[in-house]
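J.: First the structure, which I've put down as structure tokens, then a few questions once you've had a look.
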Amino acid sequence: MKLDTIRDISDAEGPFITVYLEGHTPSEDAENQIRLRWNAQREHLTEAGADEQLLSPVDDALSVRNITEIQVDGRVIVAHAGGVLLNEPWDARPGAGDASAFGDIPELSAYVRERAGAVRILLAVVDQTGAVVRRLVATRDKNLDESGEEVVENRSDEPVRKPREGALSHNHIQRRADEAVKQNARGIAEHLDATARTWSPDVLVLAGETQGRTAVKEELSPALAEIVQETDEGGLADTSGDNAGEALDQAVGAIASDIAAGAALAQAERFEEARARGRSAEGVHAVMQAAGMGAVETLLLNYDVPTRGESEAVVSSAQVDADVALIDAPLPGSIAAVLRFEAPDELGSAELNG
């Protein structure tokens, strides 16, 4: 994950309040539930020293018409004296609960962890006539966000089924059917390419009937061809109802888990290589030192073990345009960094290299 997405927040002046509201199941009294939950966090922030100039913008951010969306999707909000700096869906792990903090540094660790561990999936359920395209964001554990569905309709008016019986026009009809399939596949591929250019998926998953997937694959751009994976689940004409949808979700979830695990392993190998070359920092203090001299290229966080001072390291790394990634390998202090260059001796390279 590029930390430039939070650069404006890291460069802003504090103090800050950070609010995390966990996603819940929808209910008829969503407005009342959100108000009660925010009031509890508001009271906590007031006791911690936050004033109305900080709290009022959050009041406004949570006073929206579609309050059920906030209840279902959750919310992470960061605000300072100038107003709201971040207001995005927040899907914590089940049972994480609500949380809030007031201080000179925004508490972005949990938000960055969620985003860094996410896999962006462009899912196309296709047949020979069209496709249903979904954008999903998933982690190793579960789907986090769905941006809705887009239907790509057939580009050709010609039938795509070939004649079963011979005739003088058999070859002509067959060629027209083949061309119809090709045109429809080209239209789907162009739609996927346009979506990918603006959304940057980690993987393209083609689901549905084999013939449709094969035709679309042949029309994919080189960039999408490099990240495509396939599953037999989820055909557009599938009549098995909820079971079909569940099978497709499981297949997509497995792909997301494999990608997330592979990314974590790759980062672990990269870190070991950097450590061998004297271009690593381990522990919060060392990472902060490295960020202070602009050396942090990639901030590495342990997957399941947050550490004290992590948000400070995130903010400092964002200020030097670093990336952030999650890693499964043990880390001293549960935090480390791959550096852009070897630390100068006078800054304590021995400490920086653990």
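FYI, UniProt numbering numbers position 340 of the sequence shown as 340, with every residue one higher than the one before it.
Quick reminder that beta carbons are idealized off the backbone N, C-alpha and C, glycines included.
When we look at the beta-carbon of Arg-197 and count the other beta-carbons within 10 Å, is it buried (16 or more) or exposed?
T.: Classification for Arg-197: exposed.
J.: Where do the ends of the beta strand (DSSP E) carrying Gln-229 lie?
T.: Start and end: 228 to 231.
J.: Buried or exposed for Gln-71, please, with buried defined as at least 16 other CB atoms from any protein chain shown within 10 angstroms of its CB.
T.: When all chains shown are included, Gln-71 counts as buried.
J.: Taking DSSP as the reference, what is the three-state secondary structure of Arg-340?
T.: Coil at Arg-340, not helix or strand.
J.: Keeping to the same chain, check which residues put their C-beta closer than 8 angstroms to that of Leu-220; ignore five residues upstream and five downstream.
T.: Excluding sequence neighbours, Leu-220 sits near Ala-189, Leu-192, Asp-193, Leu-204, Val-228.
J.: Would you kindly work out how many angstroms separate the C-alpha atoms of Ser-27 and Ala-40, rounded to a whole number?
T.: Distance between the alpha carbons of Ser-27 and Ala-40: 19 angstroms.
J.: Is the CB of Ile-70 under 8 angstroms away from at least one CB in chain D?
T.: Absent here is chain D; the protein component of the structure consists of one chain.
J.: Under a three-way DSSP split, which group does Asn-184 fall into?
T.: Here Asn-184 sits in helix by DSSP.
J.: Is there contact here, the segment 309 to 323 with the segment 248 to 257, by at least three beta-carbon pairs under 8 angstroms?
T.: Judged by Cβ distances under 8 angstroms, the segment 309 to 323 makes no contact with the segment 248 to 257, as fewer than three pairs qualify.
J.: Return yes when the Cβ of Val-119 is within less than 8 angstroms of the Cβ of Ala-138, no when it is not.
T.: For Ala-138 and Val-119, yes; Cβs fall inside 8 angstroms.
J.: Roughly how far, in whole angstroms, is the beta-carbon of Trp-199 from the beta-carbon of Arg-279, given that I think they are within contact range, below 8 angstroms?
T.: That pair is no contact at about 33 angstroms.
J.: Residues in the same chain with beta-carbon distance under 6 angstroms from Tyr-303, minus the five sequence neighbours each way, listed in chain order, please.
T.: Taken in chain order, the residues that qualify are Leu-326, Asp-328.
J.: Can you tell which of Ser-109, Glu-226, Leu-123 has the C-alpha that lies nearest to the C-alpha of Val-305?
T.: Among Ser-109, Glu-226, Leu-123, the Cα nearest to that of Val-305 belongs to Ser-109.
J.: For Leu-326, which beta-bridge partners are listed by DSSP?
T.: Partner(s): Leu-301.
J.: Cutting at 7 angstroms between CB atoms, please list the residues of its own chain near Glu-47, excluding the five before and the five after it.
T.: For Glu-47, where only same-chain residues beyond five positions count, there are no Cβ hits under 7 angstroms.
J.: Is the beta carbon of Asp-11 less than 8 angstroms from the beta carbon of Leu-85?
T.: Going by C-beta atoms, Asp-11 is not nearer than 8 angstroms to Leu-85.
J.: Using only alpha-carbon positions, find the residue among Val-19, Gly-294, Glu-272 that is nearest to Val-58.
T.: Closest by alpha carbon: Val-19.
J.: Taking just the CA atoms, how far does Leu-36 sit from Glu-273?
T.: So the alpha carbons of these two residues sit roughly 50 angstroms apart.
J.: What distance in whole Å lies between the Cβ atoms of Leu-331 and Leu-300, which are believed to be in contact at a cut-off of 8 angstroms?
T.: With a Cβ gap of about 7 angstroms, Leu-300 and Leu-331 count as contacting.
J.: Closest to Asn-184 by C-alpha separation, out of Arg-213, Pro-201, Ala-207, Thr-195, would be which residue?
T.: Closest by alpha carbon: Arg-213.
J.: Rounded to the nearest angstrom, how far is the Cβ of Ile-77 from that of Ile-34, given a contact under 8 angstroms?
T.: Going by Cβ atoms, the distance from Ile-77 to Ile-34 rounds to 12 angstroms, so no, they are not a contact pair.
J.: Going by beta carbon distance, what residues of the same chain come within less than 6 angstroms of Thr-25, once the five residues before and after it are set aside?
T.: Within the same chain, Thr-25 has no close Cβ partners at all.
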